[in-house]
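Per the working numbering, residue 107 is the first one in the sequence shown, and the count goes up by one each step.
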Amino acid sequence: MNTTDARRRCLRLLRRSAALGVAACLLAATPARAQLNVVAAGDLAFGRFAALAAGSVHVGTGGARSAAGGVVLLASAGAPARFTISDKQPANADLVYIISLPAGALISDGAASMALSDFVSVPAGAGMLSGGTQVLAVGATLQVGPGQRPGNYSGSFPITIEYQ
C-alpha cells in the first residue's frame with residue numbers, strides 16, 4: 107500500500123468509526139522500519155606490547171598501532187573490530203543508519219583488567235549501505251596500568267546501529 111492509498115483508507119475508516127479509524131490511520135501512516143543485520147567479522151586486537159610504566163595502545167580503524175607513555179610496542183599486528191552490516195531489502199540501500207559507540211569498556215584476564223576508551227569508527231557517526239552491505243571498522247585506545255600483568259585479555263563492548 108502506498109501513502110496515497112493509506113490516506114484514502116484512513117479517511118474511509120474515520121467516516122465509519124472515529125476510534126477504530128484513528129488507530130488504523132496511525133498504523134497505516136507509520137512506515138515499516140527496515141531490519142539491519144550486523145555480523146562480527148573480526149575482533150579488536152592490540153597486539154603484543156610491554157608495559158614499562160602506565161601508558162596506552164591505540165588501534166585505528168585501519169589497524170595501525172601507536173603507543174604512549176611507558177608502553178613499548180612489540181613485533182605483532184593490531185586490528186580493528188570489524189562488523190558486516192546488511193539489509194536484505196534492496197529498497198533500503200539508500201537509508202542512512204546511525205552508529206553509537208561506547209564511552210568506555212573493560213577487558214580482563216582473570217582478576218586483571220584494562221580499560222578501553224576513545225572509540226573511533228569508519229564510517230564515523232553514520233553510514234549508508236552500498237550494494238546491500240557495508241563493513242564497519244572500530245578502533246579504540248587501551249589504557250595500560252603500571253606493572254600490568256601479561257595475559258590474553260578479552261571482553262566486549264556495546265555498539266548501537268539503527269536506521270535514522
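Positions of the beta carbon are idealized from the N, C-alpha and C atoms, including for glycine.
Rounded to whole angstroms, what's the CA-CA distance from residue i to residue j? Just pull it up for me.
i	j	result
S162	Q249	5 Å
K194	Y269	14 Å
G184	Q141	32 Å
P264	F225	11 Å
V253	G169	The residue asked about is misnamed: residue 253 is Gly in this sequence, not Val. Taking the straight line joining both Cα atoms gives about 25 Å.
V244	G175	23 Å
P77	A209	This structure gives no information on residue 77, because the portion of the chain shown stretches from 107 to 270.
G261	S236	31 Å
G251	A173	13 Å
Where does residue i fall in DSSP's three states?
i	result
A157	strand
N258	coil
A181	coil
A174	strand
A197	helix
L248	strand
Excluding sequence positions up to five away, which residues of its chain have a Cβ less than 6 Å from the Cβ of residue i?
i	result
M234	V202
Going by the beta-carbon positions, is the gap between residue i and residue j smaller than 8 Å?
i	j	result
G238	A199	yes
S192	T266	no
V241	A147	yes
L222	A246	yes
L150	V178	no
A218	G257	yes
If I measure Cβ to Cβ from residue i and keep anything under 7 Å in the same chain, skipping five residues before and after, which residues do I get?
i	result
Y259	I213, S214, D215 and M220
V145	F189 and T190
Near residue i, which residues of its chain fall below 8 Å by C-beta distance, leaving aside the five closest residues on each side in sequence?
i	result
F152	V163, V165, R171, G184 and L248
(message) What ranges does the beta strand (DSSP E) occupy inside the stretch 206-245, keeping only unbroken runs of at least 3 residues that lie completely in it?
(response) Runs found: 210-215, 218-228 and 232-234.
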